[in-house]
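Visitor: Have a look at this one before I ask anything.
2 protein chains.
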Amino acid sequence: MGFKIRSRIWIEVDEHVFLGEGRVRLLKAIEETGSLSKAAKQLQMSYKKAWKLIDSVNKSTEKPVIITSIGGKNGGGAELTPYGKSLITTFEDINHGCWKYLDTQLEKLENL
Amino acid sequence: MGFKIRSRIWIEVDEHVFLGEGRVRLLKAIEETGSLSKAAKQLQMSYKKAWKLIDSVNKSTEKPVIITSIGGKNGGGAELTPYGKSLITTFEDINHGCWKYLDTQLEKLENL
DNA sequence: CAGCGTTATATTTACAGGGAAATAACGAAA
DNA sequence: TTTCGTTATTTCCCTGTAAATATAACGCTG
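Residue numbers (my numbering), protein chains in the order written: chain S, 258 to 369; chain C, 258 to 369.
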C-alpha cells in the first residue's frame, strides 16, 4: 500500500519544548554562519521567529547553549557552546535511531 | 535536568497523512459510540473536523476503514471495519514501542 | 407523509500566529 | 564622535486556520 511511518521527536524540560527538529536545524545554521540573522535567512525564517526559538532554548536550561554578543568587531554574532554542539549530535543520534526502529515496524502494517 | 523525550508518529500514504494519533483517538471513539457525531462530542471536537478526518482516512486507502450509513433506523451511524480495528491496534503497538525506545535513550542526554 | 436523528456540505465569523517593518542598544573601528 | 553591522524588542497588519452556523440529504418509523 506504500505506507510510510514518519515521526517527530522533541525534548521537553518542565513541560515546555526545549529542543526539536526545527531548533536543531537553526542551531546548526548558527554554528555554520556564526550569526543569528544569517542563520535565519539561510533557513528562510523570519529573524523574529529565530530569535524567539533560541531565546526559549536559552531560558530552558542552566547550561548555556548558544552565546550571543551585541556590538563589537563585526557588529556582534552568535556561536554555540561545546554543550550546545554535543546536544545537536546526541539529538540527531536519537532521532536516527527512532527512524530506524520505525522502519523495522513497517511490515506489520503491510501485512494487515 | 529533568529531560523528557516525547514523540509523535503518523502513517503517510502518497505523501499525505493517513493515520496519526488524533485520528486513532477518533476511530476509537467511533468504535465505542457507533456514531460520528457522538464521537466528536466525546472528544470535544467539532463535527466538521471529525468528518474531514475520517473522510481523509477513507480516501487514502482502498480497503475501507470505517463505514458510515445515513438515514435509517437510528438516523444513521458509523462503525469500524475489521481492517480498521486492526489498524488501531497495530498503530498503538508501534507507538508504544517508539516510546519505549526513546526511554532507553534518555540517559544519553542526562550524561552530557 | 411528517418527524426524527443521523451524515454530508457550504458559508460565514472569529481569532491566534507569523511576518514585516520600525526602533533601540551596543561596541569596535575609522 | 560618527558610522557600521549586528543583536534585541515592540508594534501593527494580515492571512490561514479553526470554530460556529446554516442547510441539505437520507431513510426508517409511527
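Each residue gets a CB set at the ideal place from its N, CA and C atoms; glycine is no exception.
1. Since residue 261 of chain S is in the beta strand (DSSP E), which residue starts that stretch and which ends it?
2. Do residue 258 of chain S and residue 270 of chain C have their C-beta atoms closer together than 8 angstroms?
3. At a cut of 8 angstroms, does the segment 270-282 of chain S reach the segment 304-317 of chain S through at least three beta carbon pairs?
4. Within 8 angstroms, do at least three Cβ pairs link the segment 321-335 of chain C to the segment 348-366 of chain S?
5. Which residue marks the beginning of the alpha helix (DSSP H) containing residue 289 of chain C, and which one marks its end?
6. Pull up the distance between the alpha-carbon of residue 327 of chain C and that of residue 292 of chain C, whole angstroms please.
7. Pick out whichever of C/272, C/268, C/262 and C/267 has its Cα sitting closest to the Cα of residue 273 of chain S.
8. Figure out for me which residue from C/275, C/335, C/265 and C/305 has the closest Cα to the Cα of residue 287 of chain C.
9. May I ask you to report which of helix, strand or coil DSSP gives residue 326 of chain C?
10. Hey, would you say residue 345 of chain S sits closer than 8 angstroms to residue 359 of chain C, going by beta carbons?
11. Any C-beta of chain S sitting closer than 8 angstroms to the C-beta of residue 354 of chain C?
12. By the criterion of Cβ-Cβ separation under 7 angstroms, what are the contact partners of residue 270 of chain S in chain C?
13. Would residue 384 of chain S pass as a contact of residue 349 of chain S if the rule is Cβ separation under 8 angstroms?
14. Does DSSP put residue 369 of chain C in a helix, a strand or coil?
Guide: On the basis of the supplied data:
1. 260-270
2. yes
3. yes
4. no
5. 278-290
6. 11 angstroms
7. C/262
8. C/335
9. strand
10. no
11. yes
12. 258, 259 and 260
13. In this structure chain S extends from 258 to 369, so residue 384 of chain S is not present and cannot be described.
14. coil
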